[in-house]
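What follows is a short report on a single structure.
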Amino acid sequence: MRLFRPSHKFTAPDVPVVAPVRLAVVRDNSQAQDMLGAILRDIGAISDEALVHALQIQAQQATSLGDLLIAQGLIDEDTLMRALSVQFDTPILDTTRQQPDPALTDQLGAQHCIALRCMPWRNAGAVTVVATSRPDQFEAKRAQLQAIFGPVVPALIPENVLHDSLLRLRRNRLKIWAETCVSPMESCRSMPFSGVRQGLAAGLGALGVLGALFPQMVFVVFTLAACVFLALSAMLKLAAAVAAFTTPAEKRAHENGAVVELAQRRKPVVSILVPLYKEPETVPRLMTRLSRLTWPRNLLDVLLIVEENDHATRQALHCARLPRWMRVVPVPDARLKTKPRALNYAMLFARGTLIGVYDAEDAPEPDQIHRVVACFQNGPSNLACVQGVLDFYNPRSNWMARCFTIEYASWFRVILPGMQRLGLAVPLGGTTLFFRRDILERLGGWDAHNVTEDADLGIRLARRGFYTQLLDTVTYEEANCRAIPWVKQRSRWLKGYAITWMVHMRDPRALWQQLGAWRFFGVQVLFLGTLVQFMLAPLLWSFWLVMLGWDHPFVDMFPRGVLVAFISLFVMSEVVNLSVGILATRARHHRHLRLWLPTLHGYFPLAVLAVYKALWELVSAPFYWDKTQHGTHGAALDAVTVHGQS
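Heads up, our numbering is the position in the sequence shown plus 36, with the first residue counted as 1.
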């Protein structure tokens with residue numbers, strides 16, 4: 037193998053290195069940065085003034101001087117490699133002369149190569165040459181590498197060349213890993229859906245027979261079940277609302293990142309994962325919206341994730357002038373095409389210690405990442421996830437958009453914050469999510485087969501003892517305000533709720549032990565209760581006939597006191613829903629929606645259609661992702677003042 041060394045300080049050998057070369061160990065990170073800066077200055081790559089300014093910035097940020105200078109456009113990758121070669125007395129790998137040995141890569145694992153930012157390249161006599169893009173971190177990895185390969189010698193390689201080499205060798209293995217990185221017992225991919233299909237068919241058959249033989253008994257049982265879950269849901273909403281609005285102001289400010297000063301702590305690199313699928317028209321708007329973020333550009337790592345065979349979106353990204361802090365990650369083609377699979381794959385290539393997720397139509401508040409980082413740095417050690425507030429920038433588009441906005445405001449501004457303060461497990465939303473990378477990797481990332489991967493991940497975090505913080509920072513997105521697309525989207529969510537409940541209830545005892553009785557109860561009310569309420573809602577609607585003075589076919593089955601109790605429950609539930617809606621729309625830009633609160637009676641029946649579609653897909657296509665199309669009302673954002681409306 038041929039290794040290229042620059043002429044500065046040493047000459048290139050013509051034979052492979054046969055003895056391990058120890059990297060120069062620099063104990064003080066600032067000393068290492070000063071050394072690198074001096075080398076760059078000596079070779080004329082950077083001026084004294086630019087170096088001093090860069091070192092001042094770097095001292096406040098958790099990033100290397102080399103990455104900072106590249107992000108600012110002051111040097112290129114080749115210049116950095118030459119300087120690092122001099123600093124660490126380490127050769128630069130000539131990748132044109134010899135290809136890596138795939139057997140060595142398999143010994144370490146392709147995903148571990150990416151995580152460690154190094155790749156075993158070839159055997160050279162008694163040692164293994166390991167390509168690394170981070171020579172300053174090599175010594176910390178030496179023992180781990182030597183336990184596998186024996187004596188190792190480092191050689192420098194740019195990070196993008198390292199990634200390209202791995203993808204050429206083990207692209208399929210990385211693709212499979214993205215689909216299977218969550219353990220089988222925590223993933224829905226190992227669920228026996230054929231058995232679910234048979235069980236559901238048998239249950240429906242038995243129900244049909246019982247309904248024909250004992251129609252009154254079946255009606256009573258299901259009506260009582262619907263009433264029980266309606267009452268539990270109403271009590272949970274009421275308790276969440278009380279908890280959300282009785283928390284001391286100091287604690288709310290602390291939770292929302294208003295107390296922390298970041299000047300004393302180094303700012304981390306934040307990677308943002310943005311999946312796009314057949315959305316070429318969103319690319320220009322997406323770039324504009326993300327460019328409004330005020331987080332330092334050299335600490336921002338935006339990965340635009342696109343399916344390999346989505347040629348229209350890839351072409352739009354190719355034609356766009358992407359800034360240095362944005363890059364495209366093509367996901368290898370596979371039969372399974374889901375958002376969580378794409379997120380898992382892209383996370384391998386992320387550079388940040390914090391991982392964020394946005395959707396392609398999102399418009400986050402400009403200071404959002406500042407507040408997220410403050411929340412993490414001020415939070416407890418078990419804080420794993422920060423969830424922002426989702427809102428819509430097109431609530432005036434039509435009636436459905438208004439109702440959807442009320443529903444989201446109730447969920448993200450009242451119910452979820454209340455659930456968090458009640459100590460319940462928090463089901464996550466699909467966007468404006470930020471994770472500590474080390475914890476996310478420990479959990480295996482997202483379940484690639486679950487169509488509500490966000491809610492599932494929230495429960496898995498809670499089961500491992502991690503904490504999710506709701507943060508009052510807003511991301512605006514487009515309300516799905518057409519009936520058929522709304523039903524399709526809601527059916528995917530409800531199917532995912534059913535799958536998530538089934539996965540975590542495979543071992544109810546373990547779930548109880550990990551969550552405790554209170555949070556176990558919350559999971560049942562939220563997931564199972566939501567499904568039961570929508571499935572049995574028509575039974576409860578029939579009792580409105582009595583309130584309207586009409587006859588009910590089964591009214592004689594219940595004593596008058598029971599009917600009064602039913603009607604009182606319905607009225608109480610509506611009062612709770614209206615109260616939560618009023619609290620959720622207290623912001624100035626939401627107050628006009630209060631007039632539309634009574635019309636939610638005509639909005640939620642669509643979810644009944646969605647739940648039956650979800651049940652059908654649960655047995656026919658459990659992993660099918662019914663993609664929601666966006667971009668219809670993107671121009672509505674022009675009328676929204678994004679900053680300061682939360």
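We put the CB at the ideal spot given by N, CA and C, even for glycine.
In this text, all values refer to a predicted model and were calculated from it rather than measured experimentally.
Report the partner residues of residue i according to the DSSP bridge assignment.
{"i": "LYS303", "result": "GLN97"}
{"i": "GLN180", "result": "Partner(s): none; GLN180 has no beta bridge."}
{"i": "VAL367", "result": "GLU343"}
{"i": "THR374", "result": "None; THR374 has no bridge partner."}
{"i": "MET362", "result": "VAL338"}
{"i": "PRO190", "result": "VAL166"}
{"i": "ASP427", "result": "TYR512"}
{"i": "ILE603", "result": "Paired residues: none, contrary to the question."}
{"i": "THR504", "result": "CYS421"}
Taking the alpha-carbon positions, what's the residue i to residue j distance?
{"i": "ALA267", "j": "ASN414", "result": "37 Å"}
{"i": "GLN404", "j": "PRO304", "result": "14 Å"}
{"i": "ILE495", "j": "PRO463", "result": "6 Å"}
{"i": "LEU72", "j": "ILE150", "result": "24 Å"}
{"i": "SER433", "j": "PHE440", "result": "11 Å"}
{"i": "GLN123", "j": "GLY161", "result": "26 Å"}
{"i": "VAL254", "j": "GLY247", "result": "6 Å"}
{"i": "LEU322", "j": "MET608", "result": "43 Å"}
{"i": "GLY552", "j": "ARG542", "result": "16 Å"}
{"i": "GLN182", "j": "PRO156", "result": "11 Å"}
{"i": "ASP474", "j": "CYS411", "result": "17 Å"}
{"i": "GLN96", "j": "LEU87", "result": "15 Å"}
{"i": "SER682", "j": "GLN505", "result": "Any reading at SER682 is ruled out, since the residue's pLDDT is 41, under 50, leaving its predicted position unreliable."}
{"i": "LEU298", "j": "VAL510", "result": "Residue placement at LEU298 is poorly supported in this model, since its pLDDT is 46, which falls under 50; the coordinates still yield a value, given next. Answer to the nearest angstrom: the Cα atoms are 21 Å apart."}
{"i": "VAL57", "j": "TYR503", "result": "For VAL57, the pLDDT reaches just 34, beneath the cut-off of 50, and the residue's location in the model is therefore unreliable, although a value from the coordinates is still provided. For VAL57 and TYR503, the distance between alpha carbons rounds to 44 Å."}
{"i": "GLN134", "j": "LEU152", "result": "22 Å"}
{"i": "LEU104", "j": "LEU390", "result": "17 Å"}
{"i": "VAL256", "j": "GLN665", "result": "41 Å"}
{"i": "THR324", "j": "VAL245", "result": "59 Å"}
{"i": "PHE563", "j": "PRO595", "result": "32 Å"}
{"i": "LYS375", "j": "CYS517", "result": "22 Å"}
{"i": "ALA657", "j": "ALA646", "result": "15 Å"}
{"i": "LEU426", "j": "ALA623", "result": "14 Å"}
{"i": "ASN430", "j": "ALA396", "result": "16 Å"}
{"i": "PRO544", "j": "GLN252", "result": "32 Å"}
{"i": "ASP369", "j": "GLU477", "result": "23 Å"}
{"i": "GLN173", "j": "PHE185", "result": "18 Å"}
{"i": "THR126", "j": "ALA179", "result": "18 Å"}
{"i": "ARG630", "j": "ILE618", "result": "6 Å"}
{"i": "LEU129", "j": "ILE193", "result": "6 Å"}
{"i": "LEU110", "j": "CYS355", "result": "25 Å"}
{"i": "ARG209", "j": "GLY532", "result": "27 Å"}
CB residue i to CB residue j, shorter than 8 Å?
{"i": "LEU340", "j": "VAL306", "result": "no"}
{"i": "ALA139", "j": "ALA81", "result": "no"}
{"i": "TRP435", "j": "THR635", "result": "yes"}
{"i": "PHE570", "j": "VAL644", "result": "yes"}
{"i": "VAL197", "j": "VAL165", "result": "no"}
{"i": "ALA280", "j": "ARG457", "result": "yes"}
{"i": "VAL487", "j": "TRP661", "result": "yes"}
{"i": "LEU353", "j": "VAL338", "result": "no"}
{"i": "VAL616", "j": "SER446", "result": "yes"}
{"i": "ALA98", "j": "ARG407", "result": "no"}
{"i": "TYR394", "j": "THR467", "result": "yes"}
{"i": "ALA191", "j": "ALA167", "result": "yes"}
{"i": "LEU633", "j": "LEU605", "result": "no"}
{"i": "PHE265", "j": "GLY565", "result": "yes"}
{"i": "VAL561", "j": "ALA277", "result": "no"}
{"i": "LEU575", "j": "ALA262", "result": "yes"}
{"i": "ALA107", "j": "ASN334", "result": "yes"}
{"i": "TRP522", "j": "LEU642", "result": "yes"}
{"i": "TYR313", "j": "ASP346", "result": "yes"}
{"i": "VAL655", "j": "ARG233", "result": "yes"}
{"i": "MET383", "j": "LEU309", "result": "yes"}
Validate contact between the segment 470-486 and the segment 208-217 using beta carbons, cut 8 Å, 3 pairs: Verdict: yes, contact present.
The segment 526-545 contacting the segment 416-423, beta-carbon criterion three pairs below 8 Å: No, they do not touch.
Sequence ranges, alpha helix (DSSP H) only - wholly within the segment 122-185, length at least 4: Fully enclosed alpha helix (DSSP H) runs of 4 or longer: 138-144, 146-152, 174-185.
For the segment 232-243 and the segment 396-403, state whether three or more C-beta atom pairs, one from each stretch, are separated by less than 8 Å. In short, these stretches do not touch, since the Cβ pair count stays below three.
Start-end ranges of the alpha helix (DSSP H) lying completely within the segment 385-417, minimum 4 residues: Note on the segment 385-417: whole alpha helix (DSSP H) runs with a minimum of 4 residues are 404-414, in chain order.
Counting only runs that start and end within the segment 639-669, where is the alpha helix (DSSP H) found for 4 or more residues in a row? Taking only runs of at least 4 residues, the alpha helix (DSSP H) segments lying wholly in the segment 639-669 are 641-656.
Complete alpha helix (DSSP H) runs within the segment 516-549 (minimum length 4 residues, chain order): Assignment of alpha helix (DSSP H) within the segment 516-549, counting only whole runs of 4 or more residues, yields 519-540 in chain order.
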